[in-house]
Amino acid sequence: MIKDEIIFLKHVIGKSGVYLISDVIEFYLFFLGYSIGNSAKSEELNEFFDEFTAFLQKDFETKEKLQWYKLIQMRSSTKYHSLELLRKTFNEFLESRENLDA
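In short: position in the sequence shown from 1, add 184, done, that's the numbering used here.
#1: Could you tell me the boundaries of the alpha helix (DSSP H) in which F211 lies?
#2: Measure from the alpha carbon of W252 to the alpha carbon of each residue in L213, V202, D188, then state which is nearest.
#3: Rounded C-beta distance between Q257 and V208? I'm assuming under 8 Å.
#4: Just the C-alpha distance for L142 and F233, rounded to the nearest angstrom, thanks.
#5: Where does S261 land, buried or exposed, given buried means 16+ other C-beta within 10 angstroms?
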């Protein structure tokens, strides 16, 4: 189970300035380093973000075969907006997962 990792990533997204993250690409690079450093759960984290990609494709009504961070970047007008869109969609995704588990 990767619940603790998801809580941590949600914290990082919410407090991105503390981690010197200013856009979705910088969060993606942070995530890559985190998943490599946490190799025991790397596969589960990648599966989680694959689900997030599918959620974004449905939410954005697109068939583009892009990674989640590229989908968000494509929909954003500025670096700051990409981070705001990441926060919004990530929280919506987590809420939808909670509703499925309930």
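All C-beta atoms in this analysis are idealised placements derived from N, C-alpha and C, irrespective of residue type, glycine included.
So, to answer that:
#1: Counting from 1 along the sequence shown, the entry for residue 211 is found at position 27. Looking at the DSSP string, the run of the alpha helix (DSSP H) that includes F211 is 208-221.
#2: Here the question's residue 252 lines up with position 68 in the sequence shown. Each of L213, V202, D188 was checked against the Cα of W252, and the nearest Cα belongs to L213.
#3: Within the sequence shown, numbered from 1, the residue matching residue 257 stands at position 73. Within the sequence shown, numbered from 1, the residue matching residue 208 stands at position 24. Rounded to whole angstroms, the Cβ separation of Q257 and V208 is 6 Å, and the two are in contact under 8 Å.
#4: Outside the displayed span of the chain (185 to 286) sits residue 142, for which this structure offers no information.
#5: Numbered from 1 along the sequence shown, position 77 holds the residue referred to as residue 261. Label assigned to S261: exposed.
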